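So in the numbering used here, spot 216 of the sequence shown is number 243, and the numbers just go up one at a time.
Using N, Cα and C, we set each Cβ at its ideal position, and we do this for glycine too.
Computed from a prediction, not measured in an experiment: that's the story for all the values here.
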Amino acid sequence: MGDTTREPDFAGGFAAAAASFAALDDPLWDPISTAAVLRAHPRFDELVLDACSGDGASAIPTAELVGVGGVVDAVDFAEPLVDLARERAGERMPQLRFHVADVTSWEPTGYDLVQCVLGVFFFDDMDAGTRHLIERAHPGGRVAITVWAEGALEPLPELLVSALPEDAASELGDLTSPAIDTAGTPGSLAQWLTGLGLVQVRAEAVQRHLDLTPELAWALVLGTGLRLVLGELDEEAVSGVRERYVAALEERGVTSIDITTLIAVGRRRG
Numbered sequence: 028m029g030d031t032t033r034e035p036d037f038a039g040g041f042a043a044a045a046a047s048f049a050a051l052d053d054p055l056w057d058p059i060s061t062a063a064v065l066r067a068h069p070r071f072d073e074l075v076l077d078a079c080s081g082d083g084a085s086a087i088p089t090a091e092l093v094g095v096g097g098v099v100d101a102v103d104f105a106e107p108l109v110d111l112a113r114e115r116a117g118e119r120m121p122q123l124r125f126h127v128a129d130v131t132s133w134e135p136t137g138y139d140l141v142q143c144v145l146g147v148f149f150f151d152d153m154d155a156g157t158r159h160l161i162e163r164a165h166p167g168g169r170v171a172i173t174v175w176a177e178g179a180l181e182p183l184p185e186l187l188v189s190a191l192p193e194d195a196a197s198e199l200g201d202l203t204s205p206a207i208d209t210a211g212t213p214g215s216l217a218q219w220l221t222g223l224g225l226v227q228v229r230a231e232a233v234q235r236h237l238d239l240t241p242e243l244a245w246a247l248v249l250g251t252g253l254r255l256v257l258g259e260l261d262e263e264a265v266s267g268v269r270e271r272y273v274a275a276l277e278e279r280g281v282t283s284i285d286i287t288t289l290i291a292v293g294r295r296r297g
């Protein structure tokens, strides 16, 4: 969400939001992850790093594709999300290994495929963090990065900020857009990743819209990075934000939103 005037607690925020995050599996995370995995094309017996793995939406289907001869390291900093992923996976895939860790300091290398679905945005330094991911692949190995497209989720961030108490809104800085400023189109995403060490990068937009109900519109606040906008508001204040936010959606006639993602796949420079 860009530079901020405060340091958002991403790990704490997503730990608190684990149940709300999982509630979006069917409408949001699973279809986005399916599209990402399809393009990353995990293969039988491959060694894969699934970075910012959340509750397993991309790691689990990847583990199914690499089979018992492969390995998927699923890494996320939010332990409650990792616990949810373990529950989803059960005991049926010994090739799927879960780790509670900061992937920007993950040391193992030599992966055939490194993939990250909607995670690089949360790195303190997106360039350094994404470069670190690229360097986890072996030379010539594949790297697949999924980000939000320019305009995704609009106008939810704007309407949410407008629904905040005045003193809370003034502290937000630029914590409003989920898209990466320098990678909001397929071309800019490919250019950015090429500059970080990938070659033969192909990027495309996967267009999708999501029909909204008031309940789903609020679930998108609680279960995505938009939750960080609520900061340290107490329960009464959050209730007021929800009421004003839903009213603003109705007033603007917002019945669907763009959830287009950009997916880029390239190879680590040898």
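{"Item": "Can you tell me whether DSSP reads isoleucine 59 as helix, strand or coil?", "Value": "helix"}
{"Item": "Less than 6 angstroms between C-beta atoms, sequence neighbours within five positions excluded: which residues of the same chain meet that for glycine 211?", "Value": "Glu177"}
{"Item": "Locate the beta strand (DSSP E) running through serine 283, then write down its first and last residues.", "Value": "283-285"}
{"Item": "Which class does glutamate 34 belong to by DSSP, given the choice of helix, strand or coil?", "Value": "Residue placement at glutamate 34 is poorly supported in this model, since its pLDDT is 43, which falls under 50; the coordinates are not used for a value here."}
{"Item": "Are there three or more Cβ pairs, one per stretch, closer than 8 angstroms when the region 178-195 is compared with the region 154-163?", "Value": "no"}
{"Item": "So valine 102 and tryptophan 56 are in contact, right, with Cβ under 8 angstroms, and what is the actual spacing, rounded?", "Value": "Valine 102 to tryptophan 56, Cβ: 17 angstroms. No contact."}
{"Item": "Would you list the one or two residues that DSSP bridges to histidine 126?", "Value": "Val102"}
{"Item": "Can you tell me which of the three DSSP states glutamine 227 falls into?", "Value": "strand"}
{"Item": "Report the rounded CA-to-CA distance for glycine 267 versus aspartate 238, giving the unit in angstroms.", "Value": "24 angstroms"}
{"Item": "Hey, how far is the Cα of valine 99 from the Cα of alanine 62?", "Value": "18 angstroms"}
{"Item": "What is the DSSP secondary structure of glycine 293, reduced to helix, strand or coil?", "Value": "strand"}
{"Item": "Mind checking who tyrosine 138 pairs with in its DSSP beta bridge?", "Value": "Ala164"}
{"Item": "Is it buried or exposed for threonine 209, if we count other Cβ within 10 angstroms and need 16 for buried?", "Value": "exposed"}
{"Item": "What span of residues does the beta strand (DSSP E) with leucine 13 cover, start to end?", "Value": "This structure cannot speak to residue 13, because the chain is shown only from 28 to 297."}
{"Item": "Which residue's Cα is closest to the Cα of glutamate 114: Val273, Gln142, Gly96 and Gly83?", "Value": "Gly83"}
{"Item": "Which of helix, strand or coil does DSSP assign to threonine 212?", "Value": "coil"}
{"Item": "Any idea what DSSP makes of tryptophan 133, helix, strand or coil?", "Value": "coil"}
{"Item": "Could you tell me if the beta carbon of threonine 282 falls within a distance shorter than 6 angstroms of some heavy atom in the ligand GDP?", "Value": "What this structure holds is no ligand at all, so the ligand GDP is not there to describe."}
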